[in-house]
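Worksheet for the structure shown next.
Number of protein chains: 2
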Amino acid sequence: MMINRSQRYARKAVKVDHAQNMIMQHVLQLKCEYTSIDSCLHRRISEPLYAKECMPHFRRSGLDGYAVLSAEALFATPQNPTCLTVIDEVPAGYTSNKQVVPGTAIRIMTGSAVPDGADAVIMFEQTEEYQEEGQISVRIKHKVNPGQNIAKVGDEITSGQLLMGAGTRIGPGQIALLASMGYEEVPVFHRPIVGVLTTGSELIAVGELLQPGRIRNSNAYMLAAQIEQYGGLAVMFGTAPDDGDEVVRMINDAMEKCDMLIVSGGVSVGDYDVMADFFTTIGGNDTTLLFNKIAMRPGSPTSAAVINNKLVFGLSGNPGACFVGFELLVRQALLAMQGIEKSTYHHLQAIMTDDYDKGCPHDRYIRGRMTYFNDQVKVSVLEKNNSSMLISIQEANCIIMIPAGSKVIAAGQQVEVIPLPYEITMY
Amino acid sequence: MMINRSQRYARKAVKVDHAQNMIMQHVLQLKCEYTSIDSCLHRRISEPLYAKECMPHFRRSGLDGYAVLSAEALFATPQNPTCLTVIDEVPAGYTSNKQVVPGTAIRIMTGSAVPDGADAVIMFEQTEEYQEEGQISVRIKHKVNPGQNIAKVGDEITSGQLLMGAGTRIGPGQIALLASMGYEEVPVFHRPIVGVLTTGSELIAVGELLQPGRIRNSNAYMLAAQIEQYGGLAVMFGTAPDDGDEVVRMINDAMEKCDMLIVSGGVSVGDYDVMADFFTTIGGNDTTLLFNKIAMRPGSPTSAAVINNKLVFGLSGNPGACFVGFELLVRQALLAMQGIEKSTYHHLQAIMTDDYDKGCPHDRYIRGRMTYFNDQVKVSVLEKNNSSMLISIQEANCIIMIPAGSKVIAAGQQVEVIPLPYEITMY
């Protein structure tokens, strides 16, 4: 099995940002669908939504009290109250068919439509109701200003206003808005279907007992979780044997069933690195190699290609490198498929808590943990950060970028970090 | 319907932290269950998990190369290489039954078990293979150090080590760890079943056309989304009419079907505020009122009780107040039911970008948006922040705490914020 070794070493490394840009040129445009508001949480809006109505769409009372004419009670005080006849009461959800005219008031609840004629609402606590000759009246004991406690039509939302843009992720605030605006069905992007295929004859299933030289397959589960976190639907295609023809067959089969494929393992220079051969031989017949080496650590043999307009990623089999490779390269494509236009990540600046002296001729991406000290963002390099190690992934809430050629980075120095979406600050 | 008005005004307000502490005294302990690793994403681990094996559990090669005895190649250079006979090759997943003895090397792949005898691995790139008289040999062209490129047994994880504590939320890193440690079934807390009941005759369904005085029910969807975000299972119990007896009947029915209940609306001083009456009359028969007023804005009439050991929350019907009430009071209970011990939130400090001059005799909680400027956390008060308004909820990624008695807070001043888990820093 001494194949293609020289070709593997001869791979040309591209810069990370160049690799990212190439990928973004080949993002598949997904169709949209309508989903019930009951099941739209965390989906992505597929088109800009505009308000079809004003909110409120009627003059709404801000509290429980009396709708009055403010001019009649401009100077009301507890000692010198304005006395008005209560001619009606309006529970929320109902409207009065009476009009507030001089000398009258209408009892009204929070959220009720303010009756015609009235231009202010005064709260119960500033009034006193009384009965006189069978007639209910009210003493207004505080001055009333025009417009007081009335939300005007369109105060919150005016008809035609943009509610949310394409790509918006639906959370509690978006759902509330969609419900209030009558979106029983919500236009969202299809969830990208992302295949996961692992390679490596050392891999055994999670339920199997360990044997010398064997390890359980953890990358498939990790990748599936990453895919789900960013809105994709993961489809597991199992583990391929170390056989080039069989890998090609499995990749082609998977490509028919998904929008994008991630293969982990087999991309390096080992004798059985079938994915390295796969990417080396790609080209023609609707296949294009984007890159098969990146000037970065970990994960330098990370590869990507386009097959029939769909992206195929070859990530490292080392869990740490696999994780980082996904966050740097796959995530942007997955988000773009769901309408996120920005092709780059929002990076933060953070202050290193400790020295870091592992220089590198290439850009290095290490798992870090951001914390907050007063109003400042600090970041620590996590222990057990080797590309082969996975235990630190669970603690990571960011990836620290160490630029190529850096020597020692001293505690207190500022570094750039890529935040991860996992409970950064939840508790 | 002139009922209990004086009782409503006589409610005694408790401080927010006191309300929070009372709630935490009554958190229901949920049972645990086992769930497949395929469906454990975002669930919470129910017991501390310890490593049953070391990782790696064999001496693992860190790269593709040759397993050698370092003493033989301590001084190897390209000009003066050490020449060794290649006696075997080990693909990942396999082991060699041969031993590396002086004068020999074994070809080995990344992740393979290092054969007995060898104490170092040298990468392909620093070697040259050649054939002599039908025998494969290798020139070691760089010096080799003892232990080089070998991960020792337990380098990453030692047997017995704590892997993750109870309450840990399962993300990609946790799943990778669980898979590698053989957790086909994962012990997790049951998802808390949280009922949602809305009150208010002004509420219409999302699919209905607006009518004067009517608004669509948005709180039920918003609360369900908040519940799901924090790991709960929301169960919708519809909208209760403004009828005290019917509300009690619906609450009792709901309580039998869930672990916790949230009712929105009807807690204020209006004539039809049926929940205010409900909480006022509670006590005895396995019912305990915790509070029916909180010294805060928005949401001062927010109430809570315990019925048959289960928490019932009465949140404001105003969407802004309802949202904040959930985050301040319900979220901690929901997380505690899933093993999160900390009874308080992790608050951050942030710098105000603008002046805020809306003083308040009570603690005020306003929707804010945190951003990062260099390594500093800044926060802006969102527009349309009234308790009746919902449009700003979608933009909020934190709640700004304005302490009771604050006057003007100037731009540049530091404030305390409660972060929300919604895409704080994602892009």
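In order, the protein sequences belong to chains Z and S.
Be aware that the first sequence starts at -9, since it is given in our numbering, and climbs by one per residue.
Be aware that the second sequence starts at -9, since it is given in our numbering, and climbs by one per residue.
Glycine included, C-beta positions come from ideal geometry on N, C-alpha and C.
Of all the CB atoms in chain S, is at least one closer than 8 Å to the CB of residue i?
i, result
"Ile(-7) (chain Z)", "Note that Ile(-7) (chain Z) scores 43 on pLDDT, short of 50, meaning its location in the model is unreliable; the coordinates nonetheless yield the value given after this. Not an interface residue."
"Gln121 (chain Z)", "no"
"Ser333 (chain Z)", "Any reading at Ser333 (chain Z) needs caution, since the residue's pLDDT is 45, under 50, leaving its predicted position unreliable; the model's value is listed next. Chain S, which has no Cβ nearer than 8 Å to the Cβ of Ser333 (chain Z), makes this no."
"Thr85 (chain Z)", "yes"
"Thr100 (chain Z)", "yes"
"Tyr24 (chain Z)", "no"
"Ala0 (chain Z)", "no"
"Val314 (chain Z)", "no"
"Leu338 (chain Z)", "yes"
"Ala3 (chain Z)", "no"
"Val186 (chain Z)", "no"
"Glu406 (chain Z)", "no"
"Glu228 (chain Z)", "Reading off the sequence, residue 228 (chain Z) comes out as Gly, not Glu. No, because no Cβ of chain S sits closer than 8 Å to the Cβ of Gly228 (chain Z)."
"Tyr362 (chain Z)", "yes"
Give me the chain Z residues within the contact set of residue i, using Cβ-Cβ distance strictly less than 8 Å, ordered along the chain.
i, result
"Val143 (chain S)", "By Cβ distance, chain Z contributes nothing, its closest Cβ being about 11 Å from Val143 (chain S), past 8 Å."
"Gln216 (chain S)", "Pro162"
"Glu43 (chain S)", "Leu200"
DSSP puts residue i in a beta bridge; with which residues?
i, result
"Cys73 (chain Z)", "Z:Arg129"
"Ala103 (chain S)", "S:Arg50"
"Leu305 (chain Z)", "Z:Ser254"
"Val184 (chain Z)", "Z:Ala224, Z:Met250"
"Leu279 (chain Z)", "Z:Ala295"
"Gln366 (chain S)", "Z:Gln366, S:Phe363"
"Lys300 (chain Z)", "Z:Ile297"
"Asp78 (chain S)", "S:Ile96"
"Val58 (chain Z)", "Z:Ala110"
"Leu152 (chain Z)", "Z:Tyr40"
"Cys350 (chain Z)", "None, per the DSSP bridge assignment."
"Tyr24 (chain Z)", "Z:Pro177"
"Cys312 (chain S)", "Per DSSP, none; premise fails for Cys312 (chain S)."
"Glu119 (chain Z)", "Z:Val128"
"Val90 (chain S)", "The partner list for Val90 (chain S) (beta bridge, DSSP) is empty, contrary to what the question assumes."
"Thr189 (chain Z)", "Z:Ala230"
"Arg159 (chain Z)", "Z:Arg34"
"Tyr355 (chain S)", "S:Met391"
So with CB distances below 9 Å, who are the chain Z contacts of residue i?
i, result
"Asn375 (chain S)", "Simply none; closest approach about 11 Å."
"Ala386 (chain S)", "Gly163"
Can you look up residue i in the DSSP assignment and give me helix, strand or coil?
i, result
"Pro177 (chain S)", "strand"
"Pro409 (chain Z)", "strand"
"Ile194 (chain S)", "strand"
"Thr334 (chain Z)", "Reliability of the predicted coordinates at Thr334 (chain Z) is poor, the pLDDT of 47 falling under 50, and the value obtained from them is presented with this limitation in mind. It is coil, neither helix nor strand."
"Arg34 (chain Z)", "strand"
"Ala386 (chain S)", "coil"
"Gly137 (chain S)", "coil"
"Gln339 (chain S)", "strand"
"Arg321 (chain S)", "helix"
"Ile165 (chain S)", "helix"
"Val371 (chain Z)", "strand"
Which bits of chain S does residue i rub up against, with CB to CB less than 7 Å?
i, result
"Arg206 (chain Z)", "Ala169, Ser170, Gly172"
"Ile341 (chain Z)", "Asp365"
Cβ of residue i less than 8 Å from any chain Z Cβ?
i, result
"Gln366 (chain S)", "yes"
"Tyr56 (chain S)", "no"
"Met154 (chain S)", "yes"
"Met391 (chain S)", "no"
"Gln219 (chain S)", "yes"
Can you name the residues of chain S whose CB is closer than 8 Å to the CB of residue i?
i, result
"Phe48 (chain Z)", "Pro202, Gly203"
"Ser191 (chain Z)", "Pro81, Ala82, Gly83, Tyr84"
"Tyr355 (chain Z)", "The contacting residues do not exist; Tyr355 (chain Z) stays about 15 Å from chain S at best."
Give me the chain C residues within the contact set of residue i, using Cβ-Cβ distance strictly less than 7 Å, ordered along the chain.
i, result
"Gly52 (chain Z)", "Among the protein chains of the structure shown, namely Z and S, there is no chain C."
Please list the partners that residue i has in chain Z, where partner means a Cβ-to-Cβ separation under 7 Å.
i, result
"Glu146 (chain S)", "Lys374, Met379, Ile381"
"Ile165 (chain S)", "Tyr211, Met212, Ala215"
Which chain S residues sit within Cβ distance under 9 Å of residue i?
i, result
"Tyr40 (chain Z)", "Going along chain S, no residue has its Cβ under 9 Å from Tyr40 (chain Z), so there is no contact; the nearest lies around 13 Å."
Just by C-beta distance, which residues in the stretch 92 to 118 of chain S are closer than 8 Å to chain Z? Arg97, Met99, Thr100, Gly101, Ser102, Ala103, Phe114, Glu115
Report task. Give, in chain order, every residue of the stretch 233 to 266 of chain Z whose Cβ lies closer than 7 Å to some Cβ of chain S. Result -> Residues passing the 7 Å Cβ filter: Ser258, Val259, Gly260, Asp261, Tyr262.
**Message:** Counting only Cβ-Cβ distances shorter than 9 Å, please list the residues of the stretch 294 to 311 of chain Z near chain S, keeping chain order.
**Reply:** Gly307, Asn308, Pro309
Members of the stretch 27 to 39 of chain Z that neighbour chain S once the beta carbon cut-off is set at 7 Å: Ile27, Leu31
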